[in-house]
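**Q** Chains as they are written, first to last, in the working numbering: chain A, 86 to 254; chain B, 621 to 1006.
Where a beta carbon is used, it is the ideal one built from N, C-alpha and C, also for glycine.
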């Protein structure tokens, strides 16, 4: 079920240990620390392998996350806002990653720009609760989605390249 | 450009239209009458008593039901309950009506752009002004809305400070179902889960009594994807298909069992499936998983086991034993009283994967986060400045 490329990506992301949702006061802080450690490690390894592709930060409680992700196609960099909430049933249910500015531009999306993860990501996530965290959701959920959808949308002219400084969408 | 007079005229026309709408709406009715009259909206429901199906149908006015998700299934569910004269309906949804919803029942094109709960409440109270309708326009899976959701169902009964009598899940995603599951396990509330498959040709309802029947986390659905191939992502068309037929049937199954549960008649199905392609309706019981991940579920299971088992209520009327003179085929009735649940369901089901042993990892290389003595704030700052 896990191919070589995925395995390699996985190796760069530390696994998490604590099963906690934002409603579990102290345990959640513990989980949140693990989330950040995994994310930091993942971003660092992306940078080291020259494949840096996102930045994320959260609110103080760690319940709302936001940042940027980008995708390079034909040497041009396309950048998008990314956001999601940590669901109450986390980590049993994965975060629903959204790219709001692409809402309505592709069928592989639910309302509000939530990307469609059912096929490629959710089975993998559910088999790895509570070891997978936000970094895994980015690497195994959002990254493959971008790799398929963005080139397709560029080809169809649905998204166009923006010069630096221009606002996207 | 419109002159002031034109606008004045327009207002008058609209006023007349508005008045005629108001006249068409009926006034509230204090007591359900069984009088057979064309003008009595409850005559056909009260006839259920005469037919010996339901005792005291009017009890339905003392019942409160929460409908979570007012889409293809939820809107029809709310519609049916409203027409049945339910006492109180609490609606939850954070979506707007869209033209893309018009292949389903209930909503009309002129409602596009309105919030689903408001549009539904308007139609429903026009259909039956006796029903008290509350609307909640938020996403129950987010942390802050979840608390509001908990309060709404915990205090949503007809009587003050009582919970709703039943929660109906008509949502379209796993996250929301798990949120409802979490809430109902914690509050110890009975609920029905319902769903229609993404390809629109099958559906199911599942009755969940915390501790007694499997919760949604006891046996979560599993999308079986054997190979992770990015090409499989590329499916033509939209994420999900839908049909008004399948959704209507599932809503019908859901409300039928809701009525049976609320008014104590017939037998409430614990799980009822529907396969539209071959018109197959499988029925089964799902018992709780002793290894469920939800700790409230485990607590409810213990409570249920500790409770003295209630005997199946003895029906007053004498059941006369039917003795057949011949029994050529040797047909006999087998008692189903013994419901010792098998841990793994007997037919057609198998475990898709072994549950993770939390101290051991499978197939994923061991590489865990170590908890050094760094504070959360330091980590947040580090992530920000990376």
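Restricting to runs no shorter than 3 residues, where is the beta strand (DSSP E) found entirely within the region 736-807 of chain B?
**A** The region 736-807 of chain B contains these whole beta strand (DSSP E) runs: 752-756, 786-789.
**Q** Using the Cβ count rule (16 or more neighbours within 10 Å means buried), how would you classify residue 671/B?
**A** Answer is exposed; the Cβ neighbour count stays below 16.
**Q** Drop a sphere of 10 angstroms on the beta-carbon of residue 1003/B, count the other beta-carbons inside from all chains shown, and report buried for 16 or more, exposed for fewer.
**A** Classification of residue 1003/B: buried, given that the 10 Å Cβ count is 16 or more.
**Q** Does the Cβ of residue 828/B have 16 or more other Cβ atoms within 10 Å, making it buried, or fewer, making it exposed?
**A** By the neighbour-count rule (16 or more Cβ atoms within 10 Å), residue 828/B is buried.
**Q** Could you spell out the range, first to last residue, of the beta strand (DSSP E) harbouring residue 162/A?
**A** Unbroken beta strand (DSSP E) run through residue 162/A: 161-170.
**Q** For chain A, find out if any of its Cβ atoms is closer than 8 Å to the Cβ of residue 727/B; answer yes or no.
**A** Not closer than 8 Å to any Cβ of chain A, the Cβ of residue 727/B fails to qualify, so no.
**Q** Compute the Euclidean distance between the alpha carbons of residue 629/B and residue 638/B, then round it to the nearest angstrom.
**A** Taking the straight line joining both Cα atoms gives about 14 Å.
**Q** Do residue 674/B and residue 791/B come within 8 Å of each other at the CB atom, strictly closer than that value?
**A** No. Outside cutoff.
**Q** How far does the beta strand (DSSP E) with residue 826/B in it extend, from its first residue to its last?
**A** That run of the beta strand (DSSP E) goes 822-828.
**Q** Using only CA atoms, which one of 817/B, 807/B, 683/B, 783/B lies nearest to residue 897/B?
**A** The shortest C-alpha separation from residue 897/B is found at 817/B.
**Q** Checking the sheet assignment: what are the DSSP bridge partners for residue 183/A?
**A** Bridge partners of residue 183/A: 168/A, 199/A.
**Q** With a threshold of 8 Å between beta carbons, is residue 795/B in contact with chain A?
**A** Chain A, which has a Cβ nearer than 8 Å to the Cβ of residue 795/B, makes this yes.
**Q** From the DSSP output, read off the bridge partner residues of residue 894/B.
**A** Beta-bridge pairing links residue 894/B to 823/B.
**Q** Rounded to whole angstroms, what's the CA-CA distance from residue 866/B to residue 820/B? Just pull it up for me.
**A** Their Cα atoms are separated by approximately 7 Å.
**Q** CB residue 169/A to CB residue 192/A, shorter than 8 Å?
**A** No, Cβ-Cβ distance for residue 169/A and residue 192/A is not below 8 Å.
**Q** Sorted by chain position, which residues of the same chain lie with C-beta nearer than 8 Å to residue 668/B's C-beta, five sequence neighbours on each side aside?
**A** The residues are 674, 677.
**Q** Using the beta-carbon of each residue, which ones in chain A are nearer than 9 Å to residue 837/B?
**A** Those within 9 Å of residue 837/B in chain A are 174, 177.
**Q** Assign residue 125/A to one of three DSSP states: helix, strand, or coil.
**A** DSSP places residue 125/A in helix when its eight states are reduced to three.
**Q** Excluding the 5 residues flanking residue 218/A on each side, which residues of the same chain have their C-beta closer than 6 Å to its C-beta?
**A** Contacts found: 101, 120, 123.
**Q** Would the region 654-665 of chain B and the region 753-773 of chain B be scored as touching if the rule is three or more Cβ pairs under 8 Å?
**A** No, because fewer than three Cβ pairs between the region 654-665 of chain B and the region 753-773 of chain B fall closer than 8 Å, the two stretches do not touch.
**Q** Could you tell me which of 716/B, 760/B, 722/B, 709/B sits nearest to residue 749/B, measuring between CA atoms?
**A** Nearest of 716/B, 760/B, 722/B, 709/B to residue 749/B, Cα basis: 709/B.
**Q** At a cut of 8 Å, does the region 736-750 of chain B reach the region 768-781 of chain B through at least three beta carbon pairs?
**A** The region 736-750 of chain B vs the region 768-781 of chain B: no contact.
**Q** Taking only beta-carbon positions, decide if residue 773/B is within less than 8 Å of chain A.
**A** Residue 773/B does not count as touching chain A.
**Q** Can you tell me whether DSSP reads residue 850/B as helix, strand or coil?
**A** Confidence at residue 850/B is low in this model, with a pLDDT of 43, below 50, so its placement is unreliable and no value can be given for it.
**Q** Could you please give me the residues that DSSP links to residue 139/A through a beta bridge?
**A** According to DSSP, which records beta bridges pairwise, residue 139/A is partnered with 154/A.
**Q** Tell me where the alpha helix (DSSP H) around residue 918/B begins and ends.
**A** Here the alpha helix (DSSP H) through residue 918/B covers 915-926.
**Q** Name the residues in the region 161-173 of chain A whose C-beta lies less than 8 Å from a C-beta of chain B; which are they?
**A** Hits within the stretch, in order: 170, 171, 172, 173.
**Q** Name, please, each residue of chain B whose Cβ falls closer than 9 Å to the Cβ of residue 148/A.
**A** Those within 9 Å of residue 148/A in chain B are 762, 763, 764.
**Q** Taking 6 Å as the limit between beta carbons, can you name the residues of its chain near residue 656/B, skipping five residues before and five after?
**A** Hits under 6 Å: 663.
**Q** By DSSP, does residue 880/B sit in helix, in strand, or in coil?
**A** Helix, per DSSP.
**Q** Could you work out which residues of chain A lie near residue 1000/B, taking near to mean beta carbons separated by less than 8 Å?
**A** Neighbours of residue 1000/B on chain A, chain order: 121, 142, 143.
**Q** So, does the CB of residue 236/A fall closer than 8 Å to a CB anywhere in chain B?
**A** With 8 Å as the cut-off, residue 236/A does not count as an interface residue toward chain B.
**Q** Give the DSSP bridge partners of residue 194/A, in chain order.
**A** DSSP lists 200/A as partners of residue 194/A.
**Q** By the criterion of Cβ-Cβ separation under 7 Å, what are the contact partners of residue 124/A in chain B?
**A** Here the neighbours are 1003.
**Q** Is residue 680/B helix, strand or coil when you go by DSSP?
**A** Residue 680/B falls in the helix class under three-state DSSP.
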